[in-house]
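Numbering (my numbering), first residue to last: 6 to 123.
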């Protein structure tokens, strides 16, 4: 088995974790502070409840997010970045800067998606 000294499994794992669909958006939103599930769902367009739950569980299992349950009526559950998650702030900022420079988001159309089909 050959060993490529340029390959870094930790780097690859980090890119895979943060690069999973919706994970970066969740972390970016949570950099502003703790969020309830419904707050995250409203802040991230098009994410389904199932996908949000799945990603939150993954981020929690990796130690990036902590789930806190408050003994209130009704029970309140919040998700918050851990120290490990907060350490992603410069990474998220750098990706945002790169995206601003190199990517273009499509302009929203007042006529809706059908108008873009031309």
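Quick reminder that beta carbons are idealized off the backbone N, C-alpha and C, glycines included.
Since the structure is predicted, the reported quantities are computational estimates derived from the model, not experimental observations.
A direct Cα-to-Cα measurement between residue 72 and residue 82 gives close to 7 Å. In the structure shown, residue 42 adopts helical secondary structure according to DSSP, grouped into three states. Among the bridge pairs identified by DSSP, residue 83 is matched with 41 and 73. One Cα belongs to residue 27, the other to residue 50, and the distance between them is close to 10 Å. In the structure shown, the three-state DSSP call for residue 28 is helix. Rounded to the nearest whole angstrom, the C-alpha separation of residue 103 and residue 79 is 42 Å. Counting along the chain, the unbroken alpha helix (DSSP H) around residue 66 starts and ends at 54-66.
Ranked by how close their Cα comes to the Cα of residue 37, the residues 61, 86, 47 and 23 have 86 in first place.
In the structure shown, residue 51 falls within a coil segment according to DSSP collapsed to helix, strand and coil.
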